Amino acid sequence: MTMYENFEQLIKNFDGATTESVLSYFLKSHKGRIALASSFGAEDQVLTDMVASLDPTTKIFSLDTGRLHEETYRVMDQTNRKYGISIDVYAPEREELEALYRQQGSYGFRDSIENRKACCHVRKIVPLKRALKGMDVWITGLRRSQSPTRELMRLVEWDEGNNLIKLNPLIEWDEKRVWDYIKEHKVPYNALHDEGFPSIGCEPCTRAVKEGEDLRAGRWWWENPEHKECGLHLRGA
Ligand code: SF4
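Counting along the sequence shown from 1, when you hit position 43 you're at 381 in our numbering, and nothing is skipped either side.
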């Protein structure tokens with residue numbers, strides 16, 4: 339299942355290591371079978387900057403749900419230009435998307451958690467499975483302090499649902515560290531962050547948050563916090 343006997347021992351070995359050296363270790367030992375998933379949020383941009391400088395041939399991919407903000411498409415092009423890379427974009431399957439519109443129209447995801455999960459499944463989960471095919475490891479920009487659903491996440495985890503290793507190099511980072519890195523390295527970032535969006539997702543399911551609000555409060559704000567994952571990052575899913 340995995341070349342690592344024990345993730346806890348592996349995590350211990352990385353104690354005190356820089357984020358770049360953790361990334362470098364995995365990029366080398368899984369070359370050609372490791373991919374960075376990006377939704378063009380601040381954390382993903384930090385990782386893109388690091389990955390592009392460590393090994394620009396690494397696969398970086400994004401899921402185009404068809405409902406993204408214009409600003410997200412803009413930062414996608416800026417990122418490709420700045421690093422001289424070409425981020426792979428995965429779209430939903432045509433037939434599933436057409437069936438989704440028949441079943442719940444354009445905004446049916448607001449009617450129930452079930453509908454919302456069905457929409458995320460067609461627009462995100464199915465394309466993600468295609469993007470991860472043949473990979474040993476996927477790199478994510480998850481941070482523990484982002485939400486209650488992420489508190490138990492670890493630097494390296496086994497992703498049961500996708501049957502591969504999940505590497506979360508920024509798991510211990512706080513928001514300030516992310517933004518200090520972006521400024522210091524002049525990393526292109528999504529203009530929505532300047533308008534109060536800490537977390538970037540689909541346009542109809544993401545809004546700005548007020549000062550003092552939880553960082554994920556702007557995602558699916560009509561639901562309870564414990565439901566606020568699209569299924570991409572459910573533990574033990
Ligand atoms: S975030 Fe909203 S629009 Fe995007 S896939 Fe999920 S339910 Fe659909």
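Idealized CB from N, CA, C, for every residue including glycine. Predicted, not measured: the structure shown is a model, and the values here were computed from it.
Item	Value
Distance cut-off 8 Å: Arg432 Cβ against heavy atoms of the ligand SF4	no
Entirely enclosed alpha helix (DSSP H) segments - the stretch 448 to 530, minimum 4 residues	451 to 458, 464 to 470 and 513 to 522
Member of Glu452, Ser376 and Asp512 whose CA lies at the smallest distance from the CA of Val427	Ser376
Asn500 to Asp474 span [Cα, whole Å]	10 Å
Helix, strand or coil at Thr395 [DSSP, three-state]	coil
Per-residue DSSP class, three states only, for Asp402	coil
Nearest-angstrom beta carbon gap, Ile477 and Pro507 [assumed within contact, 8 Å]	7 Å
Check: Arg315 C-beta below 8 Å from any heavy atom of the ligand SF4	Because the chain in this structure spans residues 339 to 575, residue 315 falls outside the shown range and cannot be described.
Terminal residues of the alpha helix (DSSP H) in which Tyr342 lies	From DSSP, Tyr342 is part of no alpha helix (DSSP H); its letter is neither H nor E.
Any non-hydrogen atom of the ligand SF4 within 8 Å of Phe447 CB	yes
CA nearest to the CA of Val460, picked from Asp449, Gly472, Gln441 and Lys471	Gln441
Start-end ranges of the beta strand (DSSP E) lying completely within the stretch 358 to 397, minimum 3 residues	372 to 375
Cβ-Cβ distance between Phe535 and Val547 below 9 Å	yes
Arg419 burial status per 10 Å Cβ neighbour count (16 or more: buried)	exposed
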